[in-house]
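Report on the following structure.
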Amino acid sequence: MQRRDFIKKAGGASLAVGAGLAGAGAADAKTQYKWKMVTTWPKNFPGLGTAANKLAALIGEMSGGRMRIKVYGAKELVPAFETFDAVSRGTVEMGHGSAYYWKGKSEAAQFFSTVPFGLTAQEMNAWMYFGDGLKLWTELYDPFGLVPAPAGNTGVQMGGWFNKEINSLADMKGLKMRIPGLGGEVLSRLGGTPVNLPGGELFTSLQSGAIDATEWVGPYNDLAFGLYKAAKYYYYPGFHEPGTTLEAIINKKALHALPKDLQSIVLNACRVVNQDLLSEYTARNPAALDTLLNKHKVNMRIYPEDVLKQLRKVSEEVVADLANKDAFTKKTYASYAKFYNQARRWSDISQLAFLQARNLS
Ligand code: CA
């Protein structure tokens, strides 16, 4: 009864159940924190949804059960694209998604997901942790009462599913395609219409003809949605998403109400999942691609080289124009561009030179 009374009185978003109000020290070890995590993904969706589940389970395990986080799929508590506001308001303590979904809050948010022809997963993590990436991202979300953390990376994505061949940029004109973030801006500049839909709505939208084309993630996730049943061609590479960072967003008040060790556990569990998901994609994509090509006879195409060249030029213009939107976006662009130029020089003589050498026959 006492416990129930306490829960009733505590109300609000964060329930500190037990002896928590006694303050720091011995009492902290007994206090149990029950959090909710909303996500932009369908519940238990392979890779994306299961990464959110893993993050919650890991925090529970690392805290010895002092924290319990219940995960909700898109629409279970709030629609996918209300994740940011729900955590910002404190309706729930945590969210899992990707920052480019929040470009309506600030254009700068897109740099913390991915940039067309930009940083790879490996470079992105380097900018986040050893460059100014995470510092800038933290500054951007602070006025919203949120603390961000990288919590997953897809690696290089696929270009997407189309019902017509892409032989020139003119083929993108008039195309209504689901493509989020800056990739969408590129399509828009080419005369197409970018649409931002949550993952759960892609298949029916493509099948019904509400959209002409869609990108999602890569073979592992695209196979799970059955997108091959609704489109003829599967294009690569995903120039628009070379290494997309997924985010955990944490309500700042809720985070700071935790004892220091639990705060560290929450943020470091995000770091574990950030690496873990990239490994999962790297491991699962090859087999899923094999299934798509050999079992479902998918027609896979590479974008023609001159199309990629022109896409790159347009992408650079789109990203450079972003810098004129506002002071914070300008600052973020400057940091990203500086890091990109240095990282690329090194990647060209390490990753790229090696991958080319590995393919010599
Ligand atoms: Ca995507």
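Counting with this note's numbering, you get residues 905 to 1265 for the letters of the sequence shown.
Positions of the beta carbon are idealized from the N, C-alpha and C atoms, including for glycine.
message = Once the 5 residues before and after L1086 are set aside, which same chain residues still bring their CB inside 8 Å of it?
response = Close CB contacts of L1086 within its chain, under the 8 Å cut and outside five residues either way in sequence, are with Y1004, Q1014, T1018, V1019, P1020, H1144, S1219, V1222, V1223, L1226 (chain order).
*Classify L1145 as helix, strand or coil using the three-state DSSP reduction.*
This sequence places Glu at residue 1145; Leu is not what is there. E1145: coil per DSSP, three-state reduction.
Q. Out of N1198, T1195, Y1139, G1103, which has the shortest C-alpha to C-alpha gap to F949?
A. G1103
Does ligand 1 have a heavy atom nearer than 8 Å to the CB of H1006? Sequence check: residue 1006 is Trp here, not His. Answer for W1006: no, Cβ out of range of ligand 1.
For the putative contact between E1184 and G1001, defined by C-beta atoms under 8 Å, what is the C-beta separation to the nearest angstrom?
Wrong, their Cβ atoms sit about 17 Å apart, outside the cutoff.
- Please determine, among Q1167, L1106, L1091, the residue with the shortest C-alpha to C-alpha distance to M998. Q1167
| request: Assign K1242 to buried or exposed, taking buried as 16 or more other Cβ atoms, counted over all protein chains shown, within 10 Å of its Cβ. | output: exposed
Tell me, which residues are paired with N1125 by DSSP?
N1125 is not bridged to any residue.
ask   = Just the residues with CB closer than 7 Å to a heavy atom of ligand 1, in chain order, which are they?
value = Q1061, P1084, E1119, W1120, V1121, G1142, E1145, T1148
(request) Please classify K1007: is it buried, with 16 or more other beta-carbons within 10 angstroms of its beta-carbon, or exposed? (result) buried
N-terminal and C-terminal residue of the beta strand (DSSP E) that S936 is part of | Just to set this straight, residue 936 is Gln in the shown sequence, not Ser. Looking at the DSSP string, the run of the beta strand (DSSP E) that includes Q936 is 936-943.
Item to complete: Report buried or exposed for S1254, applying the criterion of at least 16 other Cβ atoms within 10 angstroms of its Cβ.
Response: exposed
Practice task
Any chance you could list the alpha helix (DSSP H) runs of at least 4 consecutive residues sitting entirely within the stretch 1001-1044, in chain order?
Solution key: 1025-1034
### Query
Do the stretch 1019-1033 and the stretch 953-973 make contact, defined as three or more Cβ pairs closer than 8 Å?
no
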